[in-house]
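Asker:
There are 2 protein chains.
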Amino acid sequence: MHEKYGFDRETAVTARPGEPSVYDADLHEGWRIGMGVNGGLLLALAGRALAEELGGDGQGHRDPFSISAYYLSTSLPGPVTARTETLRRGRTVSTGMVSLVQDGEERLRAIATYGDLDGHDHAGDVRTSATPPQMPPPEQCVGTEAAPPEFLKSSPMLERIELRLDPDTVGWAVGAPSGRGIVQGWLRMPDGREPDPLMLLLAVDSLPPVSIDLGIPGWAPTLELTAHVRARPEPGWLRLKHSTRNFADGYMEEDAEVWDSAGRLVAQSRQLARVRLPQGAA
Amino acid sequence: MHEKYGFDRETAVTARPGEPSVYDADLHEGWRIGMGVNGGLLLALAGRALAEELGGDGQGHRDPFSISAYYLSTSLPGPVTARTETLRRGRTVSTGMVSLVQDGEERLRAIATYGDLDGHDHAGDVRTSATPPQMPPPEQCVGTEAAPPEFLKSSPMLERIELRLDPDTVGWAVGAPSGRGIVQGWLRMPDGREPDPLMLLLAVDSLPPVSIDLGIPGWAPTLELTAHVRARPEPGWLRLKHSTRNFADGYMEEDAEVWDSAGRLVAQSRQLARVRLPQGAA
Numbered sequence: 001m002h003e004k005y006g007f008d009r010e011t012a013v014t015a016r017p018g019e020p021s022v023y024d025a026d027l028h029e030g031w032r033i034g035m036g037v038n039g040g041l042l043l044a045l046a047g048r049a050l051a052e053e054l055g056g057d058g059q060g061h062r063d064p065f066s067i068s069a070y071y072l073s074t075s076l077p078g079p080v081t082a083r084t085e086t087l088r089r090g091r092t093v094s095t096g097m098v099s100l101v102q103d104g105e106e107r108l109r110a111i112a113t114y115g116d117l118d119g120h121d122h123a124g125d126v127r128t129s130a131t132p133p134q135m136p137p138p139e140q141c142v143g144t145e146a147a148p149p150e151f152l153k154s155s156p157m158l159e160r161i162e163l164r165l166d167p168d169t170v171g172w173a174v175g176a177p178s179g180r181g182i183v184q185g186w187l188r189m190p191d192g193r194e195p196d197p198l199m200l201l202l203a204v205d206s207l208p209p210v211s212i213d214l215g216i217p218g219w220a221p222t223l224e225l226t227a228h229v230r231a232r233p234e235p236g237w238l239r240l241k242h243s244t245r246n247f248a249d250g251y252m253e254e255d256a257e258v259w260d261s262a263g264r265l266v267a268q269s270r271q272l273a274r275v276r277l278p279q280g281a282a
Numbered sequence: 001m002h003e004k005y006g007f008d009r010e011t012a013v014t015a016r017p018g019e020p021s022v023y024d025a026d027l028h029e030g031w032r033i034g035m036g037v038n039g040g041l042l043l044a045l046a047g048r049a050l051a052e053e054l055g056g057d058g059q060g061h062r063d064p065f066s067i068s069a070y071y072l073s074t075s076l077p078g079p080v081t082a083r084t085e086t087l088r089r090g091r092t093v094s095t096g097m098v099s100l101v102q103d104g105e106e107r108l109r110a111i112a113t114y115g116d117l118d119g120h121d122h123a124g125d126v127r128t129s130a131t132p133p134q135m136p137p138p139e140q141c142v143g144t145e146a147a148p149p150e151f152l153k154s155s156p157m158l159e160r161i162e163l164r165l166d167p168d169t170v171g172w173a174v175g176a177p178s179g180r181g182i183v184q185g186w187l188r189m190p191d192g193r194e195p196d197p198l199m200l201l202l203a204v205d206s207l208p209p210v211s212i213d214l215g216i217p218g219w220a221p222t223l224e225l226t227a228h229v230r231a232r233p234e235p236g237w238l239r240l241k242h243s244t245r246n247f248a249d250g251y252m253e254e255d256a257e258v259w260d261s262a263g264r265l266v267a268q269s270r271q272l273a274r275v276r277l278p279q280g281a282a
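Chains as they are written, first to last, in full-length UniProt numbering: chain E, 1 to 282; chain U, 1 to 282.
Below is the structure:
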């Protein structure tokens with residue numbers, strides 16, 4: 001593995017000789033956030049295995065259009081096996097499944113449809129009515145270096161990405177969450193690695209859980225996350241927005257939007273997450 | 001099969017003797033819309049097979065919390081086999097997979113997490129900020145009897161449900177689509193069958209494709225649809241809202257909200273659909 005950038009090295013998959021559709025990989029300690037490995041990193045790694053499985057036949061179905069992942073148990077740093085299966089091979093898109101297994105325990109199961117983002121029949125017909133999140137430029141936003149040292153120590157992932165949060169959505173850091181259910185910010189890779197469809201799979205799950213802006217600190221484990229990649233991103237900073245509109249009974253939907261430097265909505269995702277409410281809050 | 005209501009009879013699954021986790025069913029001609037069987041009906045049928053697989057052990061995980069379905073080929077009226085598999089059995093939720101196969105061809109593959117909607121740890125803590133769609137009462141809305149007779153003939157499903165569309169979102173029926181990308185209306189079963197979590201899986205895909213409100217008539221085949229069921233619905237009319245914010249390059253995301261008669265957001269879904277633009281429109 002001689003990839004130039006950390007993200008590519010640390011999501012690399014190696015075809016297992018003699019076992020078609022099986023790939024070996026290694027979950028790097030550097031992507032840990034709290035106890036487990038970040039869910040977006042897992043999605044990117046699973047997505048890379050599927051790009052090999054579905055795009056390896058020369059038809060060019062190497063870009064995730066839609067991927068739906070169910071998180072079954074906490075992923076830990078160390079070896080992981082990706083087993084893939086082609087469900088349908090089509091002219092414009094192909095669909096496959098992937099399972100990540102660690103120490104005999106399944107971590108993640110996903111289904112995904114892949115195609116070629118440059119091969120759209122109606123390329124250029126864009127009637128998107130969503131508008132990009134408004135926030136100050138990156139240099140006026142809040143970097144993760146402002147986080148408490150003990151938090152940084154337990155979440156090495158924060159050194160793997162460059163995240164700059166909109167000051168308007170970090171009130172929770174000083175005990176004043178806005179209550180709106182919105183967290184937004186800028187993302188890029190510190191080593192200059194430019195965004196591509198696989199990096200968007202990481203991006204959709206790289207902000208803090210939006211429940212933090214509702215005044216509920218702590219981890220919000222993902223049950224399910226579906227991401228749609230809608231266009232190949234242009235180089236430069238990505239703008240991310242996390243929001244929730246339906247927080248109820250200890251669960252929330254969390255929507256993510258990823259906008260590229262050209263102002264294009266390049267990825268959307270929604271997840272269902274469990275929220276651990278403080279004792280006595282219910 | 002002696003179920004009282006059509007929806008239950010026509011999504012019924014029968015365990016195949018001697019083959020655990022395999023269920024036989026029949027796709028009824030009455031749920032055809034155009035050439036194929038409605039995607040929401042398929043989701044409800046797949047969801048019923050998973051309720052048997054995941055909820056049959058007495059732990060009570062019979063309600064879909066999240067289900068993600070990939071549509072692989074057009075489903076036709078006739079026999080269909082559902083093959084299910086348990087991926088993880090947990091204390092509060094269990095996750096499984098289901099495949100619908102017809103004549104040896106896979107129609108749909110889905111992963112889903114099930115639990116007990118009455119068993120939430122934080123039941124009653126509802127901080128939903130979404131607001132229900134505003135529309136006139138059902139009797140002031142537009143029924144499907146207003147549709148052209150040839151359309152009704154090719155889509156018998158419209159007689160299986162009672163759909164009343166908000167007049168503000170049916171401009172497309174008289175050649176004047178609003179261009180906002182919104183279609184909303186009321187839904188109930190004509191035979192008095194009250195809503196439950198499985199019926200919500202039908203509801204999320206029972207309105208016309210929202211592209212029709214952008215002035216693009218015709219079918220919008222679903223690649224992927226994920227539904228979250230967030231609460232057990234109260235009896236009465238359901239309010240549905242379909243909308244899209246990202247229509248680009250011949251694909252669109254379509255979001256559905258389902259609100260119950262008590263004003264609760266009981267289900268949310270998002271799908272990625274392909275839109276066939278008229279020749280020369282791109």
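The beta-carbon is built from N, C-alpha and C at its ideal position, and this holds for glycine as well.
In this text the structure is predicted, and so the values were computed from the model without any measurement.
#1: To the nearest angstrom, report how far apart E/LEU207 and E/LEU277 are at their CA atoms.
#2: So with CB distances below 7 Å, who are the chain E contacts of U/ALA123?
#3: Just curious, the alpha helix (DSSP H) that U/ASP8 is in, first and last residue?
#4: Assuming residue 284 of chain E is part of the beta strand (DSSP E), what are its boundary residues?
#5: One question on the structure: do E/ALA123 and U/ASP249 come within less than 7 Å of each other, judged by their Cβ atoms?
#6: In whole angstroms, give me the CA-to-CA distance for U/SER200 and U/ARG188.
#7: Where does E/VAL48 land, buried or exposed, given buried means 16+ other C-beta within 10 angstroms?
#8: Consult DSSP for U/MET252 and reduce its assignment to one of helix, strand or coil.
#9: Under the rule that 16 or more other beta-carbon atoms within 10 Å means buried, what is U/THR131, buried or exposed?
#10: Return helix, strand or coil for U/GLY185, following the three-state DSSP convention.
#11: Is the Cβ of E/ALA282 closer than 7 Å to any Cβ of chain U?
#12: Using beta-carbon positions only, say whether U/SER66 and E/LEU223 come within less than 7 Å of one another.
#13: For U/PRO190, collect the residues of the same chain with a Cβ closer than 6 Å to its Cβ; drop the 5 residues on either side in sequence, then sort them by chain order.
#14: For U/GLY181, go through chain E and note every residue whose CB falls closer than 9 Å to its CB, in chain order.
#15: Compare the C-alpha of E/ALA44 against each of E/GLY34, E/GLU19, E/PRO17, E/VAL98 and name the closest.
#16: Does DSSP put E/THR169 in a helix, in a strand, or in coil?
#17: Strictly under 7 Å for the Cβ-Cβ distance: is E/ASN246 near chain U by that measure?
#18: Work out the CA separation of E/GLY60 and E/GLU145 for me, nearest whole Å.
#19: Check whether the Cβ of E/ILE216 lies closer than 7 Å to any Cβ atom in chain U.
#20: Counting only beta-carbon atoms, is E/THR81 nearer than 7 Å to chain U?
#21: Taking the C-alpha atoms as reference points, what is the distance between E/PRO235 and E/PHE247?
#22: Compare the C-beta of E/TYR70 with all C-beta atoms of chain U and state if any pair is closer than 7 Å.
#23: Expressed to the nearest angstrom, what Euclidean distance is found between the alpha-carbon atoms of U/ASP116 and U/THR92?
#24: Return yes when the Cβ of E/GLY215 is within less than 7 Å of the Cβ of E/PRO167, no when it is not.
#25: Let me confirm a value: E/SER154 is counted as buried when at least 16 other C-beta atoms fall within 10 Å, else exposed. Which label applies?
#26: How would you write the range of the alpha helix (DSSP H) that E/ARG62 sits in, first residue to last?
#27: Please work out which residues of its chain come closer than 6 Å, Cβ to Cβ, to E/GLU194, disregarding the five sequence neighbours upstream and downstream, and give them in chain order.
#28: Would you mind stating whether U/SER129 and U/THR84 have Cβ atoms separated by less than 7 Å?
#29: With 16 as the cutoff for other CB atoms within 10 Å, does E/PRO197 come out buried or exposed?
#30: Are the C-beta atoms of E/ARG230 and some chain U residue less than 7 Å apart?
#31: Under a three-way DSSP split, which group does U/SER75 fall into?
#32: May I ask which residues mark the beginning and end of the alpha helix (DSSP H) holding U/LEU54?
#33: Under the three-state reduction of DSSP, which class applies to E/ALA282: helix, strand or coil?
#34: Have a look at E/ARG127, E/TYR70, E/THR169, E/LEU240 and flag the residue whose alpha-carbon is nearest the alpha-carbon of E/LEU100.
#35: List the residues that DSSP assigns as beta-bridge partners of U/GLU162.
#36: Could you tell me if the beta carbon of U/TYR70 falls within a distance shorter than 6 Å of some heavy atom in the ligand NAD?
Answerer: So, to answer that:
#1: 19 Å
#2: ASP249
#3: 6-10
#4: Coverage of chain E is limited to positions 1 through 282, which leaves residue 284 of chain E absent and any answer about it impossible.
#5: yes
#6: Residue 200 of chain U is actually Leu in this sequence, not Ser. Looking at the two C-alpha atoms, the distance is approximately 11 Å.
#7: Looking at the sequence itself, residue 48 of chain E is Arg, so the reference to Val does not match. By the neighbour-count rule (16 or more Cβ atoms within 10 Å), E/ARG48 is buried.
#8: strand
#9: exposed
#10: strand
#11: Unreliable placement is indicated for E/ALA282, whose pLDDT of 39 sits below 50; the coordinate value is still reported in the next sentence. Output row for E/ALA282: interface = yes.
#12: yes
#13: GLU162
#14: ARG127, SER129
#15: E/VAL98
#16: helix
#17: yes
#18: 40 Å
#19: no
#20: no
#21: 34 Å
#22: yes
#23: 8 Å
#24: no
#25: exposed
#26: Premise fails: E/ARG62 is in no alpha helix (DSSP H) and is neither H nor E.
#27: PRO235
#28: no
#29: buried
#30: yes
#31: coil
#32: 39-55
#33: Here E/ALA282 scores only 39 on pLDDT, less than 50, and its place in the model should not be relied on; the value that follows carries that caveat. Correct three-state label for E/ALA282: coil.
#34: E/TYR70
#35: U/ARG188
#36: Although the ligand NAD was asked about, the structure shown includes no ligands whatsoever.
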